[in-house]
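Colleague: Note that the protein sequences, when read in sequence, are chains P and E.
Each residue of the first sequence is one higher than the one before, counting from 73 in our numbering.
Each residue of the second sequence is one higher than the one before, counting from 42 in our numbering.
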Amino acid sequence: MQRLTALYQTTLGKKAVVAVTGLILYGFVVGHMLGNLKVFTGNDAAGEPHIDIYAHFLRTMGEPMVPYSFLLWVARIILIAALVLHVYTVVLLSRRNHAARHENYADPRYSQASAPARWMMVSGVLLLAFIVFHLLQFTFGKIGGAPFVEGAVYANLYHAFHQWFFVGLYVIAMAALALHVNHGVWSLFQTLGLDNPDRNRIFRLLATLSSVGLFVGFASVPLLFFLGLMPSPPTGEAVHLTEGVM
Amino acid sequence: MKLHLRIWRQKDGSSPGQFGEYDLDGVRDEMSFLEMLDVLNEQLIDGGEEPVAFDSDCREGVCGMCSLVINGKAHGPLAGTTTCQLYMRHFNEGDVVTIEPWRSSAFPVLRDLIVDRSAFDRIMQAGGYVTLHSGPKPEPNSIPIEPEVAEQALDAATCIGCGACVAACPNGSAMLYTAAKVSHLGLLPQGQPERYGRVKKMVDQMDQEGFGACRNYAECEAQCPKEISINFISQMNRDYLKATLSEPVDRRSKMSSQ
Ligand code: SF4
Ligand code: FES
Chain P
73 MQRLTALYQT
83 TLGKKAVVAV
93 TGLILYGFVV
103 GHMLGNLKVF
113 TGNDAAGEPH
123 IDIYAHFLRT
133 MGEPMVPYSF
143 LLWVARIILI
153 AALVLHVYTV
163 VLLSRRNHAA
173 RHENYADPRY
183 SQASAPARWM
193 MVSGVLLLAF
203 IVFHLLQFTF
213 GKIGGAPFVE
223 GAVYANLYHA
233 FHQWFFVGLY
243 VIAMAALALH
253 VNHGVWSLFQ
263 TLGLDNPDRN
273 RIFRLLATLS
283 SVGLFVGFAS
293 VPLLFFLGLM
303 PSPPTGEAVH
313 LTEGVM
Chain E
42 MKLHLRIWRQ
52 KDGSSPGQFG
62 EYDLDGVRDE
72 MSFLEMLDVL
82 NEQLIDGGEE
92 PVAFDSDCRE
102 GVCGMCSLVI
112 NGKAHGPLAG
122 TTTCQLYMRH
132 FNEGDVVTIE
142 PWRSSAFPVL
152 RDLIVDRSAF
162 DRIMQAGGYV
172 TLHSGPKPEP
182 NSIPIEPEVA
192 EQALDAATCI
202 GCGACVAACP
212 NGSAMLYTAA
222 KVSHLGLLPQ
232 GQPERYGRVK
242 KMVDQMDQEG
252 FGACRNYAEC
262 EAQCPKEISI
272 NFISQMNRDY
282 LKATLSEPVD
292 RRSKMSSQ
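#1: On the three-pair Cβ rule with 8 Å, is the segment 254–262 of chain P touching the segment 180–191 of chain P?
#2: For I140/E, does the count of other Cβ atoms within 10 angstroms reach 16, so buried, or fall short, so exposed?
#3: Let me make sure I understand the geometry here. Which of E101/E, S297/E, R279/E and N112/E has the alpha-carbon closest to that of W49/E?
#4: With burial defined as no fewer than 16 other Cβ atoms inside 10 Å of the residue's Cβ, what is the status of M216/E: buried or exposed?
#5: L106/P by DSSP, collapsed to three states: which one?
#6: Which partner residues does A208/E have in the DSSP bridge list?
#7: Could you tell me whether the segment 124–138 of chain E touches the segment 89–107 of chain E, using the rule of 3 or more Cβ pairs below 8 Å?
#8: Are the C-beta atoms of G113/E and some chain P residue less than 8 Å apart?
#9: Relative to the alpha-carbon of R69/E, which residue among G61/E, E192/E and V80/E has its alpha-carbon at the smallest distance?
#10: Identify the contact partners of F252/E in chain P, using a Cβ-Cβ distance below 7 Å as the criterion.
#11: For E260/E, does the three-state DSSP call read helix, strand or coil?
#12: Say yes only if the C-beta of T285/E is nearer than 7 Å to one or more non-hydrogen atoms of the ligand FES, and no if none qualify.
#13: Taking only beta-carbon positions, decide if S145/E is within less than 8 Å of chain P.
#14: State the CB to CB distance for the pair A291/P and V221/P, rounded to an integer number of angstroms; the pair is presumed to be in contact (CB under 8 Å).
#15: I'd like to know whether the C-beta atoms of V244/E and L84/P end up nearer to each other than 8 Å.
#16: Pull up the DSSP beta-bridge partners for K114/E, would you.
#17: Examine the ligand SF4 and report whether any of its heavy atoms sits within less than 7 Å of the Cβ of Y218/E.
#18: What are the boundary residues of the alpha helix (DSSP H) that includes F212/P?
#19: Indicate whether the contact test is met: 3 or more Cβ pairs, each with one atom in the segment 71–90 of chain E and one in the segment 167–174 of chain E, closer than 8 Å.
#20: Does H38/P come out as helix, strand or coil in the three-state DSSP assignment?
#21: Between L119/E, D162/E, Q231/E and Q84/E, which has its C-alpha nearest P185/E's C-alpha?
#22: Mind checking if R148/P is an interface residue toward chain E, Cβ cutoff 8 Å exclusive?
#23: Would you say L79/P lies against chain E (beta-carbon separation less than 8 Å)?
#24: Just the chain E side, please: which residues come within less than 8 Å of R276/P by C-beta, in chain order?
#25: So is D96/E in contact with chain P if we call contact Cβ pairs under 8 Å?
#26: Rounded to whole angstroms, what is the Cα-Cα separation between V204/P and R167/P?
#27: Just how far apart, CA to CA, sit G300/P and A259/E?
#28: What does D165/P reach in chain E if we use C-beta pairs closer than 9 Å?
#29: Give a single yes or no on whether I111/E has its beta carbon closer than 7 Å to a heavy atom of the ligand SF4.
#30: Examine the ligand FES and report whether any of its heavy atoms sits within less than 7 Å of the Cβ of D98/E.
#31: Could you tell me which chain P residues have their CB closer than 8 Å to the CB of V223/E, listed as they occur along the chain?
#32: Starting from the C-beta of E315/P, find all residues in its chain whose C-beta is less than 6 Å away, skip the five residues before and the five after it, and write them out in chain order.
#33: In chain P, which residues lie with their C-beta within 8 Å of the C-beta of I274/E?
#34: With DSSP run on the structure shown, which of helix, strand or coil describes L236/E?
#35: Listing by chain order, which chain P residues have their CB less than 7 Å from the CB of N278/E?
#36: Kindly identify the DSSP beta-bridge partner or partners of H45/E.
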């Protein structure tokens, strides 16, 4: 612990914290995207959408060893801590960088810095705003015209994504995610000192594939709903899920 | 060839600077960029004006003194070239050429295009040394070194300490320079005894000088006249993390059983 706090005092240490928390958040979005694909797998024999069952499973996993929602909350706490550290540390570093280069050139030219790298702060701020919005909409159910029913994931998605502005917003946010991951997933390995010429191509390939894969995987959900390619939710599905969620 | 030059003029560190505009005729293809400035200065002196102050020494690309940002790029438009080795044949009749000093808070402007790069010297002093015996010359080849490793160390050692990496970095980071210096010693057997202490001291000094934090843009590598690889930055990150997280702090205290 002493070593960790000492490390955090230095710029390289702070960068390592951004890299590790970034890796945690990256792991989460990949898992989230894969989980979302359950939207496309239809309903079980009882007519309940797979995605609803999956959402319920996330709350009951580990039972009876651990109480209801316990593991979900562990994951949530880790993710919130990672996000807060990630953002806070980036703000500190970015202030330092502005101070280090307070005057710019008359006509600065870039030779190699990629656009996603230079737009990290913009894509990051967009993502942060999106996270707040997304939680308000689909976790707390505070946004959206249609009635929100906790646990009725499929129905909630179905209603929200028949409105063009939500679809547009989600697609834009996922574009920001794609940009952020495109640089971030390579950059974190470089910061942690794991990149070298032997591995460089594979890390960069991972970053590119992740960015494309996350965009396609995430954006397909709102788009397919909007294009009317998804079946309507089974009626009365909310009845199955009266036990509390959250 | 006729050029229009926009050159940063600043009396000293405490006065504000601004661009001066100059027309220069008679620039020949085979002149180096610095020779072109020499010609301009002769003109200025003849006309009773202050000449433009700029740094140079060897003028053959090895000392690291020359330091100009030309049209937004450190050491000008050509990759792998110092300003002194940049020839005027790469410019065209009527070009507008903007010339600025390195921009970094850790490199304050002293006058016109000259900046104070002693921050680099202090990073070097903090840990850029090895302990060797003095006295009679040792047997050559008495320390075996893997040739590939020696080559890599030499790649790092080609850094001339010019500071273009800092000038090129939109984040004002000195990672490439520090990494080159840490690595060229850290890779060789002679550099092993101080390896982890060195990276710690040099990076901490780099922080103290107020350089920015690396965002892995790799602008430094692209604009470095010696094309030092960002691979060295990764190596330095690795050594630094190891030095702070796992190198023993207390090697010799007594331990108890439990
Ligand atoms: S790393 Fe390259 S740009 Fe930086 S000081 Fe060394 S030679 Fe100059
Ligand atoms: S003057 Fe020595 S490197 Fe340019």
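For every residue, glycine included, the Cβ atom is placed at its ideal position computed from N, Cα and C.
Modeller: In this structure, then:
#1: yes
#2: Numbered from its first residue, the second sequence carries residue 140/E at position 99. Answer is buried; the Cβ neighbour count reaches 16.
#3: The residue given as residue 49/E occupies position 8 in the second sequence. With distances taken between Cα atoms, W49/E lies closest to N112/E.
#4: Indexing the second sequence from 1 puts residue 216/E at position 175. Label assigned to M216/E: buried.
#5: One-based indexing of the first sequence puts residue 106/P at position 34. Reduced to three states, the DSSP call for L106/P is helix.
#6: Against the second sequence, residue 208/E aligns to sequence position 167. The partner list for A208/E (beta bridge, DSSP) is empty, contrary to what the question assumes.
#7: yes
#8: Position 72 of the second sequence, counted from the first residue, corresponds to residue 113/E. Yes, because at least one Cβ of chain P sits closer than 8 Å to the Cβ of G113/E.
#9: Taking the second sequence and counting its residues from 1, the one referred to as residue 69/E is at position 28. Per the Cα distances, V80/E.
#10: Against the second sequence, residue 252/E aligns to sequence position 211. Neighbours of F252/E on chain P, chain order: A172.
#11: Locating residue 260/E in the second sequence gives position 219, counting from the first residue. In this structure, E260/E counts as helix in the three-state DSSP scheme.
#12: The count along the second sequence starts at 1 and reaches residue 285/E at position 244. No; taking the cut-off as 7 Å, the Cβ of T285/E has no heavy atom of the ligand FES nearer than that.
#13: In the second sequence, residue 145/E corresponds to position 104, counting from 1. Yes, S145/E counts as interfacial toward chain P.
#14: Start at 1 with the first residue of the first sequence, and residue 291/P comes out as number 219. Start at 1 with the first residue of the first sequence, and residue 221/P comes out as number 149. The pair is not a contact, with the Cβ atoms about 24 Å apart (cut-off 8 Å).
#15: Taking the first residue of the second sequence as 1, we reach residue 244/E at position 203. Taking the first residue of the first sequence as 1, we reach residue 84/P at position 12. It is a contact, given that the beta carbons lie within the stated cut-off.
#16: Position 73 of the second sequence, counted from the first residue, corresponds to residue 114/E. Answer by DSSP bridge pairing, in chain order: I111/E.
#17: Taking the second sequence and counting its residues from 1, one reaches residue 218/E at position 177. Flag set: Cβ of Y218/E near the ligand SF4.
#18: Sequence index remark: in the first sequence, residue 212/P carries index 140 (1-based). Where F212/P is concerned, there is no enclosing alpha helix (DSSP H), given that its DSSP letter is neither H nor E.
#19: no
#20: Lying before the first or after the last residue shown, residue 38/P is absent from chain P, which here runs from 73 to 318.
#21: Here residue 185/E refers to the residue found at position 144 of the second sequence. The shortest C-alpha separation from P185/E is found at Q231/E.
#22: Locating residue 148/P in the first sequence gives position 76, where the first residue counts as 1. Answer no: the Cβ-Cβ gap between R148/P and chain E never drops below 8 Å.
#23: Position 7 of the first sequence holds residue 79/P. So, interface residue.
#24: Looking up residue 276/P in the first sequence gives position 204. Neighbours of R276/P on chain E: none; closest Cβ ~12 Å, over 8 Å.
#25: Counting from one through the second sequence, the residue named residue 96/E turns up at place 55. It does not: the Cβ of D96/E has no partner Cβ on chain P nearer than 8 Å.
#26: On the first sequence, position 132 is the one that residue 204/P refers to. On the first sequence, position 95 is the one that residue 167/P refers to. If you take the alpha carbons of V204/P and R167/P, they lie about 24 Å apart.
#27: As a position in the first sequence, residue 300/P is number 228, starting the count at 1. As a position in the second sequence, residue 259/E is number 218, starting the count at 1. Their backbone Cα atoms lie some 45 Å apart in a straight line.
#28: Here residue 165/P refers to the residue found at position 93 when the first sequence is read from its first residue. With the sequence shown as reference, residue 165/P is identified as Leu, and Asp is not the correct amino acid for it. Those are N212, G253, A254 and R256, listed as they occur along chain E.
#29: For the purposes of this step, residue 111/E is identified with residue 70 of the second sequence, where counting begins at 1. Not under cutoff, so the answer is no.
#30: Against the second sequence, residue 98/E aligns to sequence position 57. Yes, the ligand FES has a heavy atom inside 7 Å of this Cβ.
#31: Along the second sequence, one-based indexing puts residue 223/E at 182. Ordered by position in chain P, no residue passes the 8 Å Cβ test against V223/E, which lies about 11 Å from the chain.
#32: By one-based count along the first sequence, residue 315/P stands at place 243. Low confidence applies here, because E315/P scores a pLDDT of 39, under 50, leaving its location unreliable and the question unanswered by this model.
#33: For this step, residue 274/E is matched to residue 233 along the second sequence. Under the 8 Å cutoff, chain P gives Q262.
#34: Taking the second sequence and counting its residues from 1, the one referred to as residue 236/E is at position 195. Contrary to the premise, residue 236/E reads as Arg rather than Leu in this sequence. Helix, per DSSP.
#35: On the second sequence, residue 278/E is found 237 positions in, with the first residue counted as 1. Going along chain P in sequence order, the residues near N278/E (Cβ under 7 Å) are L84, T263, L264 and G265.
#36: Taking the first residue of the second sequence as position 1, residue 45/E is located at position 4. H45/E is bridged to D64/E and V137/E.
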